[in-house]
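303 is the number that the numbering used here gives the last residue of the sequence shown; the numbers go up by one with no jumps.
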Amino acid sequence: MLSQEGNKLVYHYDAEELWIEPWGDNAVRVRATKNARMPEADWALLPPRECRSSVAVSAEGADLVNGKLRVHITSGGKITMYNQDGELLLEEYWRNRRDVTNPKCGAIEVEAREFKPNVGGDYHLTVRFESIDRNEKIYGMGQYQQPYLNLKGTDLELAHRNSQASVPFAISSLGYGILWNNPGIGRAVFGNNIMSFENCGTKVMDYWFVAGDTPAEIEEAYAKATGTVPMMPEYGLGFWQCKLRYQTQEELLNVAREYKRRNLPIDVIVIDYFHWPKQGEWKFDPVYWPDPDAMIKELKDMGIAK
-2 MLSQEGNKLV YHYDAEELWI EPWGDNAVRV RATKNARMPE ADWALLPPRE CRSSVAVSAE
58 GADLVNGKLR VHITSGGKIT MYNQDGELLL EEYWRNRRDV TNPKCGAIEV EAREFKPNVG
118 GDYHLTVRFE SIDRNEKIYG MGQYQQPYLN LKGTDLELAH RNSQASVPFA ISSLGYGILW
178 NNPGIGRAVF GNNIMSFENC GTKVMDYWFV AGDTPAEIEE AYAKATGTVP MMPEYGLGFW
238 QCKLRYQTQE ELLNVAREYK RRNLPIDVIV IDYFHWPKQG EWKFDPVYWP DPDAMIKELK
298 DMGIAK
């Protein structure tokens, strides 16, 4: 069942409730759950800014238009995204008989939004999209130890590790950006036949989608939706001295003193990890860092600490 609630499209089928709502210029947020209520957390997203959008519901389906983006959902629940020229940007991957008018209906019973119950609660969520263009190029997703700039054809773990930072926002050469707004361990697969996102334990499907004519326009919309970075203070724009690692207060001060003796510019010196007595204690180990206040005063006198 499709309905309109304010500027939001709502779809009900069986135990699933799906929301599609405008979330900034040329963008929508798509959420779905099989719980009794939609979770309220916005996670990486800021509250939506006002934008001009329109919703039209009919027996065949519904459309939400927000600037350069048009989202269509069929009466059977399949979502497709189009730009202002009517060009297909993204299409859910459905292979079942829920909607026999869908040219891609099939007997293999694969859902685009698959909620598999976990023992003890929550769901293992998989969201699948068609790979509509073999020449599509995908960029972003954070920092991984790999040589690939174009992520098409890659399988990425969505988890933070030492030297790996997952930032699940991708930009496509087709003219869209997508943020997987589901914090948790999972994976992203940008296959040549199917693209998918997974979360191993969640109550909700949540992603943000934006259309744009250029990568810069898409990036700007992403920044407005998630928050802009404050300007780096002037002292942080110079030279940073860091190594793995300074083990004592005197070792660090000797390095700073040598910079000043040689008249070499230095703005920041980094005291890396294991300066604490025990894991989780946010303080200096008094055995190796006996007088932090005196250390900071000396660094300030040298123009390093602020």
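Quick reminder that beta carbons are idealized off the backbone N, C-alpha and C, glycines included.
From a predicted model like this one, the values you see are computed outputs, not experimental measurements.
When C-alpha distances from E108 are compared across V226, E133, N80, K75, the shortest belongs to K75. Residue pairing of M292 in beta bridges, as defined by DSSP: absent, with no partner found. The residues Y285, in chain order, have a CB closer than 7 Å to that of Q244 in the same chain once the five nearest residues on each side in sequence are set aside. The distance from the Cβ of Q143 to that of S160 is about 11 Å, inconsistent with a contact at the 8 Å cut-off.
The segment 249 to 266 and the segment 51 to 71 do not touch, with fewer than three beta-carbon pairs separated by less than 8 Å. Setting aside the 5 residues that flank it on each side, A167 is surrounded in the same chain by I135, G137, M138, I175, each with a C-beta closer than 6 Å to its C-beta; the list follows chain order. Across the set D290, D11, K221, the C-alpha of D11 shows the shortest separation from the C-alpha of R95. Note: T223 is not bridge-paired with any residue in the DSSP secondary-structure output.
In the three-state reduction of the DSSP assignment, L122 falls in the strand class.
Residues of the same chain with a CB within less than 6 Å of the CB of N93, apart from the 5 flanking positions on each side, are E106 in chain order.
Buried is the label assigned to S193, since at least 16 other Cβ atoms lie within 10 Å of its Cβ. Counting only residues of its own chain and dropping the five nearest sequence neighbours on each side, C239 has a CB closer than 6 Å to the CB of V267. The beta carbon of E111 lies closer than 6 Å to those of T123 in the same chain, with the five residues before and after it left out. By the CB criterion at 8 Å, N4 and V68 fall outside the cutoff.
For G235, the CB contacts under 8 Å within the same chain, skipping 5 residues up- and downstream, are P262, I263, D264, V265 in chain order. With respect to G209, E195 sits apart: the two C-beta atoms are not nearer than 8 Å.
Per DSSP, the continuous alpha helix (DSSP H) segment holding A253 begins and ends at 246 to 258. Rounded to the nearest angstrom, the gap between the Cα atoms of A220 and N115 is 34 Å.
Proximity to Y232 across D288, G300, L153 peaks at G300, based on C-alpha coordinates.
By the Cβ-count criterion, H9 is exposed, with fewer than 16 other Cβ atoms from all chains shown falling within 10 Å of its own Cβ. The alpha-carbon of A291 is positioned some 22 Å away from that of K275. Within the same chain, E88, Y90 come within 6 Å of E127 by CB-CB distance, once the 5 residues on both sides are set aside. For the 8 Å CB-CB criterion, N99 and G83 do not form a contact. By the criterion of a C-beta distance shorter than 6 Å, S0 is surrounded in its chain by V7, once the five residues flanking it on both sides are discounted. In chain order, L85, E88 place their CB closer than 7 Å to the CB of I129, counting only its own chain and leaving out the 5 sequence neighbours on each side.
In the DSSP assignment, Q142 is bridged to no other residue. When only Cα atoms are considered, A59 and E14 end up about 15 Å apart.
Taking 8 Å as the cut-off, the Cβ atoms of C197 and G181 count as close.
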